[in-house]
Each structure stands twice: as structure tokens, then as C-alpha cells.
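Protein chains in written order, with the numbering used here: chain A, 58 to 231; chain B, 58 to 231.
Number of protein chains: 2
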Amino acid sequence: MARGLVLLFTGDGKGKTTAALGTALRAWGHGMRVLFLQFVKGERVMTGERLAASRLGEGFTLETLGAGFIFGWEEEEKHREAARRAWERAKEAVNSGKYDLVVLDEFTYVLRYGFVTIAEVEGMIRSRPAGVHLIFTGRGAPKELVDLADTVTEMREVKHHYHQGISAQKGIEY
Amino acid sequence: MARGLVLLFTGDGKGKTTAALGTALRAWGHGMRVLFLQFVKGERVMTGERLAASRLGEGFTLETLGAGFIFGWEEEEKHREAARRAWERAKEAVNSGKYDLVVLDEFTYVLRYGFVTIAEVEGMIRSRPAGVHLIFTGRGAPKELVDLADTVTEMREVKHHYHQGISAQKGIEY
């Protein structure tokens with residue numbers, strides 16, 4: 058069995074979730090069983106990735122476990138609970154033997170807010186079945202997560218069309 | 058109709074082709090018609106993206122148009138011909154009205170070798186149907202291509218498992 062890798066896509070540029078999605082598609086192409094867990098995105102927006110996942114069918118599962126983006130501290134408890142549920146789901150899935158690749162999308166946010174600790178993440182990584190690949194995404198990954206990962210890419214924003222007043226485009230950004 | 062965007066994923070890190078693949082999947086999820094053109098990769102390796110494309114079926118087309126990676130100048134003519142054929146195919150596809158998103162994967166290599174000029178690229182971008190999104194990928198994009206793009210992300214390698222002696226993993230990197 059291949060050694061499972063830990064990949065991390067971080068930085069402020071476009072393409073973190075998207076690169077995770079591309080890796081997931083590639084793995085699915087090879088017949089691997091993929092679970093894509095969205096830690097921040099909630100179910101309100103029918104994104105391209107959700108639509109795609111439903112069309113891909115068996116072998117590609119996407120779950121939106123977040124409570125939407127965090128706007129104010131007044132909602133912290135709601136987000137903490139969603140993050141903890143998502144984390145328990147992630148650990149259970151990683152250890153279940155049902156998946157070859159588990160993506161923890163926008164995971165760095167739950168670390169930043171202290172909803173999950175780096176010690177918990179380290180425990181999950183080290184105790185997982187040997188063949189399971191993991192991908193973490195999100196801005197501002199802490200050094201400890203960089204240290205735990207085998208491969209780390211920083212997506213650096215060189216230029217963004219937002220700054221030209223062009224809004225998010227369906228099919229490209231969501 | 059949405060204004061077509063020009064996205065560029067460049068830099069030396071992992072995730073350029075992969076982010077293009079993820080964007081393509083997202084677009085396909087929304088029912089957009091996607092063409093993914095591989096300028097360097099040839100048909101010898103059955104990659105995860107090729108397997109996935111064949112399973113996705115209608116609306117997602119992947120073509121491997123390259124002659125494989127360039128190792129020596131003695132093969133330059135073969136690569137030049139492959140690159141020119143790929144370029145003609147790209148222009149034809151972009152203008153055909155058959156695709157909402159066209160990916161020119163690893164395109165910077167054909168610019169670097171002078172097989173296609175930046176003036177040709179500029180002409181294609183400016184004369185394309187208004188709604189067509191384009192994605193270019195590849196290391197070392199020239200400044201002129203950065204200038205032509207709406208959104209540019211540099212994938213910066215922070216850490217890579219190659220350096221730990223772990224070889225490329227099926228389903229993750231190809």
C-alpha cells in the first residue's frame with residue numbers, strides 16, 4: 058500500500074480549495090475513495106463542487122459541515138459546535154478504512170479560532186491508517202501544521218480580479 | 058453572459074495543474090462545458106485526470122496534445138510541431154462557441170521555448186468570445202502573461218516530499 062501523504066495548501070492566493078478539489082478528482086479517476094469535508098462552507102450556497110460531487114456519484118463524497126463564514130464573535134458558539142462536529146466526523150472517517158483520501162477544506166480557520174488544537178491534529182495524523190492521504194487547506198497555516206505536512210504549497214496572490222471590480226464568477230470561484 | 062476571466066496559475070510549487078483541474082470540475086458541476094488541453098503531457102501515462110475525464114463524460118473533455126516532457130534539444134522539432142498543433146487546437150476551440158472554459162495546461166513551457174509567442178496569446182485572449190473563461194498554467198510565466206491575466210496565483214513550494222525521498226504517488230500527483 059502506498060504511504061499516505063499529508064498535503065497542505067495555504068497562503069492568501071486563489072487555488073487552495075481548488076487544488077484540493079483537483080487532487081480529489083485525480084484520485085477518484087484512479088478509483089480511490091475520496092471524502093471532501095468542508096469545515097467552513099455551509100449548505101446555503103449550491104457550489105460547483107457540491108453539484109459536481111453529486112454528479113460524480115460513488116467514490117466521491119462531499120460534506121459541507123461548517124456553519125458558513127464567521128462574521129462576528131456573537132456567533133462563535135455556533136461555529137465552535139459546527140467545527141467540533143466536523144472534526145469528530147473527520148477523525149471517524151480517517152480511521153474508518155472507507156476512504157483513501159480525506160480533504161479537510163479550510164481547516165486552518167478552526168485552528169486559528171482554537172476550535173481544534175494542533176495537538177489533536179498531530180494525534181490524528183500520527184495514528185491514522187498508513188495508506189490514508191490527507192489534504193489540509195486554508196490561509197495562515199501555523200508552523201506546526203507545516204511541520205506535520207509532507208508537502209506544503211503557499212498560494213501567493215499576485216493579482217486578483219476583485220481589485221478590478223469584477224465579482225466572484227459562478228463556475229470559476231464557487 | 059458572465060464576462061470571461063483569464064486565470065493564471067504559476068510558480069514552482071505543487072498545485073498549478075491541480076487547481077486548474079479543480080476549477081474545471083467546479084465549472085462542470087455548474088453545467089459549463091469544459092475543455093482541458095494538456096500542452097506538455099503526452100498520452101503515454103494514464104493519469105488520474107485522464108481517467109477522471111473519461112468517467113465524467115459529456116461536458117468535460119481532456120486532450121493530451123504534448124509530446125511528453127522535453128529532455129534534449131535534439132527533440133525540439135518534435136515538440137515544436139506538437140506545440141503548434143496544440144496551439145491551433147486551442148484557438149479553434151476557444152472561438153468555436155462549444156466551450157465555456159478552456160484550460161491551457163503547462164502552457165508557459167511553449168512560451169519559454171518560443172513555440173508560441175506572447176503576441177499570439179494576446180491576440181487570442183483579446184479576440185475570444187466574451188463569455189469564454191481561460192486558464193493558463195505552468196512555471197515561470199512571463200510578465201506579459203501576468204499582465205494579460207485577470208487573476209494570477211503563484212504556487213510557492215514551501216516543502217516537498219520529494220526531498221524526503223518519497224516518489225510521486227498515484228492519485229495524488231498524476
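We put the beta carbon where it would ideally sit given N, CA and C, even for glycine.
- Residues of the same chain with a CB within less than 7 Å of the CB of Glu211 of chain A, apart from the 5 flanking positions on each side, are Thr67 and Gly68 in chain order.
- Within chain B, the residues placing a beta-carbon under 8 Å from that of Leu62 of chain A are His218, Ile223, Gln226 and Ile229, ordered along the chain.
- Against chain A, the beta carbon of Glu214 of chain B has neighbours under 9 Å at Thr208, Val209, Thr210 and Glu211, listed in chain order.
- The three-state reading of DSSP puts Thr80 of chain A in helix, counting H, G and I together.
- Between the alpha carbons of Val159 of chain A and Glu145 of chain A lies a distance of about 13 Å.
- If you check the CB distance, Gly70 of chain B and Glu214 of chain B come in under 9 Å.
- A direct Cα-to-Cα measurement between Glu132 of chain B and His87 of chain A gives close to 31 Å.
- With a threshold of 16 other beta carbon atoms within 10 Å, Arg83 of chain A meets it and is buried.
- For the stretch 151-176 of chain A, residues whose beta-carbon sits nearer than 8 Å to a beta-carbon of chain B comprise Asp157 and Leu158.
- Nearest to Lys148 of chain A by alpha-carbon distance, out of A:Glu163, A:Phe117, A:Gly180 and A:Leu119, is A:Gly180.
- It is roughly 50 Å from the alpha-carbon of Arg142 of chain A to the alpha-carbon of Ile175 of chain B.
- At the C-beta level, Leu119 of chain B and Phe96 of chain B stay beyond 9 Å of one another.
- By a beta-carbon distance limit of 8 Å, Leu65 of chain A contacts Ala206 of chain A. Their separation comes to about 4 Å.
- Per DSSP, the continuous alpha helix (DSSP H) segment holding Asp204 of chain B begins and ends at Lys200 to Leu205.
- Annotation for Arg213 of chain B: no alpha helix (DSSP H) segment contains it, though the beta strand (DSSP E) segment containing it runs Thr208 to Lys216.
- Looking from the CA of Glu115 of chain A, the closest CA among A:Tyr166, A:Lys155, A:His220 and A:His217 belongs to A:Lys155.
- Ala77 of chain A and Gly79 of chain B do touch by the CB rule: their CB atoms are close to 7 Å apart, below 8 Å.
- For His136 of chain B, no beta strand (DSSP E) encloses it; the enclosing alpha helix (DSSP H) starts and ends at Glu133 to Ser153.
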